[in-house]
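Visitor: Residue numbers (this note's numbering): 608 to 998.
Virtual Cβ for every residue (Gly too), placed ideally from N, Cα, C.
For reference, the structure I am asking about is given below.
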Ligand code: GLA
C-alpha cells in the first residue's frame, strides 16, 4: 500500500486521465490529550502512514470520488453539492469540498481516487489524513495555495460542521504541517509551534490494541462537554478563563466543589496535561529521555484515571511494556476508548521490543495486536513529480 505509482495506474485505468497525486500523513500524539479544544498544548508527530489522493479535471459537471479502501465510487453534481453528511466514507472528502465552496472557492468538476494505509479506527487520524489529502488535491486543481495552518482549520471545519464530529485542531494541523524527524509542540490557541527533534536513537513503536476508536462516538463528545462545564464554572469566578488552558490547579481547589465530580476529574486531567506537555517538549529538546518517559507515564495515569478515556486493553498494553528493555515511555495515544499506545523505545531495542510486546499482549488479552515501528514524517505534499522523473 501507500504506493503512488499504483494509484496513478488505477486512476488512469478508471478515469482515462493522468492525475496529480498528493499525500497527507496520519499522526501519533506523544503527549497532550483532549487539550486541543481547550486551547491548550499538544505534541504530535506525523507518521509514515498516509492517504494518497489522485486528482484530474472532468468536463461533465460531475465530481466522481473513488476509494480504493472501500472499493466504491460515488458521484455528485458540482451544481448541487450535498448540504449535510450521509454517514458514508465520502462525507470526509465531500465535507472538504463543501467547506472550500463555502469559503468562496469555485469548485470545478473532477475525478478523485483515494487510497490510504493509515489503519482505520485506530486513533492514528485516518480521517484527518483523508481530509487534508483531499484539500490539497482540490485546491491545487483550483489553482490556490492555502498555507498549512489555514488548510488545517478548513479541514477541521469540514469535520465539525459537515461530518458532525466535534474534534479539535490537532490531527489536521499535524497532517498538514508535520516535519520529518520531529514532533511538534503546538499551542492550539494561536497555532504557533515549536519543533522538537526526535533523535535517530529513539524509535516510535505504535501498538494497536485492536479495540476500535471513533471521534464521532458519544464518549469523545461527553468528555468534551465535561471539560467545557468545568471551564464555565471557573469562569463564573474568573471571567477571563474561557478555556481550561487559562485555569490552574488552584482554581480546582477553590471552585471544584461547584462542578460535577466528573467535570472536576476531567479538568484536573486537562490542566495538568497542559503542564506536562510543555515540560515534555523541553525534555525532548534537551534530550532528557528519563524525564520524557516519566511525563508520559504520568499522562497515561491521568488519561486513564481522571479522564477515564482508556480501556482495559490499552491499560494492559501500557502495563506490559513497562519492564521491556529499551522502553523510554508508553501511553495511550489519540482520542481514547481504544486505538493505539505510543511507545518511545531506544532504537536498537525497537524490533525485539515490538516482538515481545506482541507476544505478551496476545497471551494476556487473546488478541494479536498490530505493532508498527514508525518514523516521524513530513506533512502533506504533492508526490507525483517524484514518482518517475522522466515520465
Ligand atoms: C482526536 C481529536 C483531536 C483531539 C484528540 C484527543 O484525535 O480529533 O482533536 O481532541 O482526539 O487529544
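Taking 7 Å as the cut-off, is the CB of residue 640 close to at least one heavy atom of the ligand GLA?
Guide: Checking every heavy atom of the ligand GLA against the Cβ of residue 640, one is found closer than 7 Å.
Visitor: Would you say residue 785 and residue 632 are within 8 Å of each other, going by their C-beta atoms?
Guide: Yes, the pair counts as a contact, with Cβ atoms nearer than the cut-off.
Visitor: Give every residue of the same chain whose Cβ lies closer than 6 Å to the Cβ of residue 625, excluding the five residues on either side of it in the sequence, and list them in chain order.
Guide: Excluding sequence neighbours, residue 625 sits near nothing in its chain.
Visitor: Thinking residue 810 and residue 976 are a contact (beta carbons under 8 Å), I'd like their distance in whole angstroms, please.
Guide: About 17 Å; that fails the 8 Å criterion.
Visitor: Is the Cβ-Cβ distance between residue 883 and residue 796 less than 8 Å?
Guide: No.
Visitor: Name, in chain order, the residues that DSSP records as bridge partners for residue 958.
Guide: Per DSSP, none; premise fails for residue 958.
Visitor: Is residue 843 helix, strand or coil by DSSP?
Guide: DSSP places residue 843 in helix when its eight states are reduced to three.
Visitor: Measuring only the C-alpha atoms, how far is residue 780 from residue 657?
Guide: Using only the alpha carbons, I get a separation of about 14 Å.
Visitor: Around the C-beta of residue 778, are 16 or more other C-beta atoms found within 10 angstroms, so that it is buried, or is it exposed?
Guide: Flag for residue 778 reads buried.
Visitor: Alpha carbons only, please: which of 642, 615 and 629 is nearest the one belonging to residue 881?
Guide: Nearest C-alpha to residue 881: 642.
Visitor: May I ask whether a heavy atom of the ligand GLA can be found less than 7 Å away from the beta carbon of residue 668?
Guide: Result no, Cβ not under 7 Å from the ligand GLA.
Visitor: Comparing the CB of residue 825 with every heavy atom of the ligand GLA, is any distance shorter than 7 Å?
Guide: Not under cutoff, so the answer is no.
Visitor: What number of angstroms, rounded off, separates the C-alpha of residue 700 from the C-alpha of residue 737?
Guide: Rounded to whole angstroms, residue 700 to residue 737 spans 7 Å at the Cα level.
Visitor: Count the other C-beta atoms from every protein chain shown that fall within 10 angstroms of the C-beta of residue 970, then say buried if there are 16 or more, exposed otherwise.
Guide: With fewer than 16 Cβ atoms within 10 Å of its Cβ, residue 970 is classed as exposed.
Visitor: Is residue 697 near the ligand GLA, judged by its Cβ being under 7 Å from some heavy atom?
Guide: Not so, every heavy atom of the ligand GLA lies at least 7 Å from the Cβ.
Visitor: Let's test the definition: count the other Cβ atoms within 10 Å of the Cβ of residue 639 and tell me whether it reaches 16, buried, or not, exposed.
Guide: By the neighbour-count rule (16 or more Cβ atoms within 10 Å), residue 639 is buried.
Visitor: So, do the stretch 845-861 and the stretch 617-624 have three or more beta carbon pairs nearer to each other than 8 Å?
Guide: Judged by Cβ distances under 8 Å, the stretch 845-861 makes no contact with the stretch 617-624, as fewer than three pairs qualify.
Visitor: Between which two residues does the beta strand (DSSP E) containing residue 797 stretch?
Guide: Careful: residue 797 lies outside any beta strand (DSSP E) and carries neither H nor E.
Visitor: Going by Cα to Cα distance, which pick from 659, 694 and 722 is closest to residue 678?
Guide: Residue 722 is the option with its Cα nearest to residue 678.
Visitor: Would you mind reading off the limits of the beta strand (DSSP E) that contains residue 947?
Guide: 947-953 is the span of the beta strand (DSSP E), which, as asked, contains residue 947.
Visitor: In three-state terms, what does DSSP make of residue 734?
Guide: Residue state, collapsed to three classes: helix.
Visitor: Write down every uninterrupted run of the beta strand (DSSP E) in the stretch 746-794 whose length is 3 residues or greater and which is fully enclosed by it, in chain order.
Guide: You should have 789-794.
Visitor: Report the option in 946, 935, 983 and 947 whose CA atom is closest to the CA atom of residue 960.
Guide: Comparing Cα positions, the closest option is 935.
Visitor: DSSP state of residue 666, grouped into three classes?
Guide: Coil, per DSSP.
Visitor: So, residue 986 versus residue 782, is the Cβ gap smaller than 8 Å?
Guide: Yes.
Visitor: Compute the distance between the beta-carbons of residue 1000 and residue 744, then report whether it is under 8 Å.
Guide: Residue 1000 falls outside the range modelled here, since the chain spans only 608 to 998, and no answer is possible.
Visitor: Using the DSSP secondary-structure output, state which residues sit across from residue 687 in a beta bridge.
Guide: Bridge partners of residue 687: 684.
Visitor: Taking only heavy atoms of the ligand GLA into account, decide whether any of them is closer than 7 Å to the Cβ of residue 777.
Guide: Yes, Cβ of residue 777 sits closer than 7 Å to a heavy atom of the ligand GLA.
Visitor: Residue 731 and residue 659 - do their beta-carbons sit closer together than 8 Å?
Guide: Cβ distance not < 8 Å, so residue 659 and residue 731 don't count as in contact.
Visitor: Following a CB-centred definition, is residue 644 positioned closer than 7 Å to any heavy atom of the ligand GLA?
Guide: Yes - the ligand GLA has a heavy atom lying nearer than 7 Å to the Cβ of residue 644.
Visitor: Less than 7 Å between C-beta atoms, sequence neighbours within five positions excluded: which residues of the same chain meet that for residue 972?
Guide: Result list for residue 972: 920 and 923, in chain order.
Visitor: Taking residue 1016 and residue 662 to be in contact with their CB atoms under 8 Å, please state how far apart those CB atoms are, rounded to whole angstroms.
Guide: Nothing about residue 1016 can be reported from this structure: the residues present for the chain run from 608 to 998 only.
Visitor: Taking three-plus beta-carbon pairs below 8 Å as touching, is the stretch 902-920 in contact with the stretch 942-954?
Guide: Yes, the stretch 902-920 touches the stretch 942-954.
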